[in-house]
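Last residue of the sequence shown? That's 398 in my numbering, and every number before it is there in order.
Idealized CB from N, CA, C, for every residue including glycine.
Bear in mind the structure is a predicted one, so any value in this text is a computation, not a measurement.
As structure tokens, the structure follows; a few thoughts come after it.
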Amino acid sequence: MTALEVKNVTFSYDNVTPVLENINITLNKGELVCLLGVSGGGKTTLFNVIAGLNRPQQGQVLLNGEDITGSTGKISYMLQKDMLLPFRTVVDNVALPLILRGVPKRRARQTAGSHFAQFGIEGTQKQYPAELSGGMRQRAAMLRTYLFSGEAALLDEPFSALDTLTKSEMHRWYLRVMDEIKLSTIFITHDIDEAILLSDRIYLLGGKPGTITDEIVIREPKPRQEDFNLTEDFLRYKKLIISKIR
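This is how it looks when you write it as structure tokens:
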């Protein structure tokens with residue numbers, strides 16, 4: 153079943169020169185889809201349109217069949233930085249979406265805290281963001297994103313600031329947890345390897361204005377073997393993507 157659909161979206165900042173033109177993408181329930189392309193190609197602009205921060209000149213954004221074009225607060229949106237508030241404890245940071253919806257603070261903390269073990273941050277509730285490692289901060293930020301909306305999430309380069317070993321660990325963790333909670337996700341990356349390792353499907357966004365130039369299905373079941381990035385199948389996908397980006 154389709155969770156999110158972007159239909160015929162065209163967007164420009166000056167109502168004259170399109171940044172995005174006739175964008176069509178779908179996200180199925182429980183699926184992880186990557187938006188891959190060069191810097192400046194319009195990926196973050198497209199996320200802003202999907203999240204309702206920018207209204208397109210043409211086209212629609214549908215969530216479970218409902219037209220949410222230009223409506224904020226419908227889809228979770230996690231930026232590249234974790235954006236945790238340094239003066240709030242970890243549990244209060246994570247509980248913030250519930251508190252903003254009017255849930256009493258005590259109950260919001262209890263609800264948020266019930267997910268800490270699943271997200272691998274149990275025991276950090278009373279700590280502050282500065283006391284956490286980069287990977288732990290990203291886990292807390294992802295839990296906050298999930299509590300904002302369990303329908304669909306937009307993740308803008310969520311792992312780019314992590315070192316190689318932490319990123320690899322986060323990839324394995326992310327695939328496991330996202331499968332458990334069935335959160336449909338679109339994420340942006342410039343990293344071809346990351347896109348192949350994590351995605352069910354990859355949309356290539358390129359050109360001026362930005363358009364969807366291709367869709368690549370990664371057919372290997374998840375979770376993928378730890379050495380998948382050393383296999384012939386992985387290299388075949390990588391060569392295909394590089395050839396199409398060029």
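Ranked by how close their Cα comes to the Cα of residue 224, the residues 232, 201 and 167 have 201 in first place.
For the options 366, 204, 356 and 276, the alpha carbon positioned closest to that of residue 195 is the one of 356.
Within its own chain, the residues whose Cβ lies closer than 6 Å to the Cβ of residue 279, once the five positions on either side in sequence are excluded, are 242, listed in chain order. By the criterion of a C-beta distance shorter than 7 Å, residue 209 is surrounded in its chain by 162, 163, 164 and 167, once the five residues flanking it on both sides are discounted. The beta carbon of residue 205 sits closer than 7 Å to those of 224, all from its chain and outside the five residues before and after it, given in chain order. Contact check between the region 312-330 and the region 236-252: fewer than three CB pairs, one atom from each, fall below 8 Å, which does not count as touching. A Cβ-Cβ contact shorter than 8 Å links residue 227 with residue 215. For residue 264, the secondary structure class from DSSP, reduced to helix, strand or coil, is helix.
In this structure the region 330-339 touches the region 176-194; the number of beta carbon pairs closer than 8 Å is three or more. For a cut-off of 8 Å, the C-beta gap from residue 308 to residue 230 is around 7 Å, short enough to register as a contact. Per DSSP, reduced to three states, the secondary structure at residue 157 is strand.
DSSP places residue 285 in the coil class of the three-state scheme, outside both helix and strand.
Only buried fits residue 247, as 16 or more other CB atoms lie within 10 angstroms of its CB. Here residue 191 carries a coil assignment [DSSP, helix/strand/coil].
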